[in-house]
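Enquirer: Heads up: the sequence shown begins at 31 in the working numbering, then just goes up one per residue. All residues carry an ideal CB built from backbone N, CA and C; glycine is no exception.
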Amino acid sequence: MASTLKSGHGLLRACWRQHAVTKHTRCPVPPITHCPVPPITRCQREKSMAVPNSYVPETSLSRPPWPVLAPYDKEKEEQNHQAVVEKVNSLLEKRETGRLFAVVHFASRQWKVTSEDLIQIENHIEAECGDRILLEKVLLVGGENFTLIGKPLLRRDLVRVEATVVEKTESWPMVHMVFWKRHRFQKKRIIIQPQTVLRINAIEHCSSPVHAAAPGTVMSSNFALSRTLRRTGSFPSARTVRIVILGQGAVGKTALAVRFITRRFIGEYDPTLETIYRHELSIGGEAVNFEILDTAGQEEDTLLMEEKIKWADGFLVVYSVTDRCSFDEVMRLCFLVNHIHSRRSCPDPPPVIIVANKKDLEFDRMVSVEEGESLSHGLKLPLREISVRDGWEETAGVFHALYAEIVQQMDKSPPSFRRRGVSRLMEKIPRIHSNAALGSTGRSFSFSSFRDLLPD
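1. Give a yes or no on whether the C-beta atoms belonging to PHE131 and GLY180 are separated by under 9 Å.
2. So the beta strand (DSSP E) TRP141 belongs to, where does it begin and stop?
3. Under the assumption that ILE230 contacts ASP161 (Cβ atoms under 8 Å), give the Cβ distance between them as a whole number of angstroms.
4. Hey, which unbroken runs of the beta strand (DSSP E) at 3 residues or more fall wholly within the segment 114–189?
5. Would you please state the rounded distance, in angstroms, between the beta carbons of LEU228 and THR194? I believe it to be under 8 Å.
6. Looking at C-alpha atoms only, which residue of TRP202, LYS218, PRO203 is the closest neighbour of PHE209?
7. Just curious, the alpha helix (DSSP H) that TYR349 is in, first and last residue?
8. Do the CB positions of GLY344 and ALA280 come within less than 9 Å of each other?
9. Evaluate ARG289 with the Cβ neighbour count: other Cβ atoms within 10 Å of its Cβ, from every protein chain shown; 16 or more gives buried, anything less gives exposed.
10. Cα separation between PRO101 and GLN109?
11. So ASP324 and LYS283 are in contact, right, with Cβ under 8 Å, and what is the actual spacing, rounded?
12. Would you mind reading off the limits of the beta strand (DSSP E) that contains PHE209?
13. With distances taken from CA atoms, which of PHE136, VAL143, THR144 is nearest GLU166?
14. If you compare alpha carbons, which of VAL114, VAL418, LEU366, ASP378 is closest to LEU333?
15. Since GLU321 is in the beta strand (DSSP E), which residue starts that stretch and which ends it?
16. Starting from the Cα of THR177, find the closest Cα among SER201, ARG354, SER145, GLY128 and give me that residue.
17. Determine the DSSP secondary structure at ASN83, reduced to helix, strand or coil.
18. Can you tell which of GLU234, PHE320, GLU126 has the C-alpha that lies nearest to the C-alpha of HIS309?
19. Run through the DSSP bridge pairs and tell me what ALA232 is partnered with.
20. Could you work out which residue in ARG125, TRP96, LEU405, LYS211 is closest to MET361 when comparing CA atoms only?
21. Between which two residues does the beta strand (DSSP E) harbouring PHE312 extend?
22. What separation, rounded to the nearest whole angstrom, lies between the Cα atoms of GLY314 and GLU401?
23. Can you tell me which of the three DSSP states LYS340 falls into?
24. In this structure, how does DSSP classify ARG75 when only helix, strand and coil are distinguished?
25. Which whole-angstrom value is the C-beta distance of LEU413 and GLU403, which I expect to be below 8 Å?
26. Using the DSSP secondary-structure output, state which residues sit across from ALA386 in a beta bridge.
27. Near THR352, what residues of its chain come up, given a Cβ to Cβ distance below 7 Å and the 5 sequence neighbours on each side ignored?
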C-alpha cells in the first residue's frame with residue numbers, strides 16, 4: 031500500500047512539473063485527458079448503497095417452487111401421538127432411558143439437575159443435615175430419547191426426585207463501610223446470607239404407562255420430609271444475657287465476638303471502637319439473646335468502666351499467650367470486676383472466665399500453660415486456652431460455658447439483684463443487631479460508631 035501511494039504521488043508531481051514547464055515556455059502541449067492515478071489515491075466519498083425495505087434474503091421460501099403443506103388430519107395426528115407414547119412406555123419398561131435429568135422448582139427458583147448434582151440455596155430450610163426430602167414440583171424429566179413435560183407439573187406417580195441436605199452454613203461476610211470526614215463517624219454494614227446445599231440422590235420414573243396429565247394439576251407442597259418438622263421463627267420469650275469482653279488491646283477480643291456470631295475469622299479491626307453485638311440463637315432448645323460488649327482495651331475513664339461492669343451479667347477476661355503484659359493485666363481486671371460487683375450487695379461473685387487466646391502461635395509464646403493454670407487456681411476462676419483463628423467450636427464453647435454459669439446464678443439470685451437499666455453512657459456505644467434465628471432469610475448487621483463516647 032505504501033508503494034502504491036508513493037507511485038501515485040510521483041505521478042501527480044510529474045503532471046504538475048509538466049504543467050509548470052508548459053506555462054513558462056508557452057509551448058503547445060496537448061492537454062492531459064487521463065491521469066493514471068491508482069484508485070487508492072482518489073477521493074472516496076461515494077454514498078453507501080441503501081437496502082430497500084422490501085429486500086428479502088434468499089431462502090427456500092423466497093421464490094418458487096413453493097413447498098406443499100399436507101392438510102391437517104386429526105386421526106393421523108392422534109396415531110402419531112399414540113405411537114410416540116407407546117415408544118416412550120417401551121423405553122421406560124426396558125430401562126433404556128439413559129441418564130435422566132429433571133427441572134425442579136425449589137426455593138423460588140428452577141434447577142436443572144441430574145443424579146449426584148449439588149445445588150446451593152441462599153436460604154435455610156426446615157430440615158437438618160442428613161435429612162432426605164422429596165422435590166415434588168417437577169416441571170419436566172427427560173432422558174436420551176424423550177422428555178416428559180408437565181402441565182404445569184408432572185404427577186407424583188410419574189417421577190420421583192429425592193435429595194439429601196448435606197450442608198447448612200452461611201456465606202462469607204460482605205462488609206460495606208461508609209466514612210464521614212472530620213466527624214469521626216463511620217457506618218459498617220455486614221451482610222451474611224444463610225446457605226443450604228442439597229445433593230440429588232436419584233431421579234426415578236415409575237413403571238406404569240404414561241398418560242396425559244390431568245388439566246390444572248398443581249402440587250400443594252414444596253417438599254416432603256421423612257420426619258415431622260418443628261416450626262421455627264422468632265423467639266419472643268428469649269432469655270437475654272449480657273456479656274462484656276475485657277482485656278488489653280490486640281489480644282483478640284473483637285475476633286472472639288465476631289467468630290462466635292459469624293463463624294468467620296477476620297483479623298483486622300479498628301482497636302479504638304467499642305461495639306455491642308446482639309446475637310440470637312438456640313442453646314439446648316432454649317432461645318437466648320446474647321448482648322456482647324466488645325471493649326476497646328485502652329485506658330478508660332473509671333466511670334465508664336464501672337457502668338460497663340454494672341451492665342453485664344458475665345465477663346470474659348482475655349489475654350494473649352504471646353503478650354506478657356496482657357497476662358499481667360488479668361489480675362487487675364478480675365479484681366476490678368469483683369470490687370464493683372460487691373458494691374451492689376450481690377451475694378455471689380459474678381461469672382468470669384479467663385480466656386487465653388492465640389495458642390496456635392507456639393513459637394511466639396511468652397506465657398506458658400502452667401502459668402495460666404496457676405493464675406486460674408489463684409483467682410478460683412475457670413481457664414480456657416483457645417485459638418480463635420483455628421476453630422469455631424472452641425470459641426462457641428467459651429460462650430456456652432459462660433452462659434451456663436450465668437443461668438445458674440440467675441436461678442439462685444432474686445430478681446431484685448439484677449439491674450436492667452441502661453445508663454446514658456452505655457447508650458452511646460453502637461450496637462450491631464443480628465437476626466440469626468432459625469429459618470431467617472439472612473443476617474444484616476449495621477451500626478454507627480463514634481470514637482468520642484464521652485461528652486466534652
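Expert: In short, the structure shows the following:
1. Not a contact, by the Cβ cut-off of 9 Å.
2. 139–144
3. No, ILE230 and ASP161 are not in contact; Cβ-Cβ is about 14 Å, not under 8 Å.
4. 131–136, 139–144, 148–151, 162–165, 168–172, 177–179
5. 7 Å
6. Taking only the C-alpha atoms, the option nearest PHE209 is LYS218.
7. Not the alpha helix (DSSP H): TYR349 falls in the beta strand (DSSP E), residues 344–350.
8. No. Outside cutoff.
9. buried
10. 15 Å
11. 6 Å
12. 204–210
13. Closest option to GLU166, Cα to Cα, is PHE136.
14. It is LEU366 whose Cα lies nearest to the Cα of LEU333.
15. Unbroken beta strand (DSSP E) run through GLU321: 316–324.
16. GLY128
17. Note: ASN83 maps to coil in three-state DSSP.
18. Measuring from the Cα of HIS309, the nearest candidate turns out to be PHE320.
19. Looking at the DSSP output, ALA232 sits in a beta bridge with GLU192.
20. LEU405
21. The sequence as given places Ser at residue 312; Phe does not occur at that position. It spans 305–313 - the beta strand (DSSP E) in which SER312 sits, taken as one unbroken run.
22. 34 Å
23. Correct three-state label for LYS340: helix.
24. Caution is warranted here: a pLDDT of 48 is assigned to ARG75, below 50, making its placement in the model unreliable, and no coordinate value can be reported.
25. 6 Å
26. TYR349, GLU415
27. LYS388, LEU391, ASP394, ARG395, MET396
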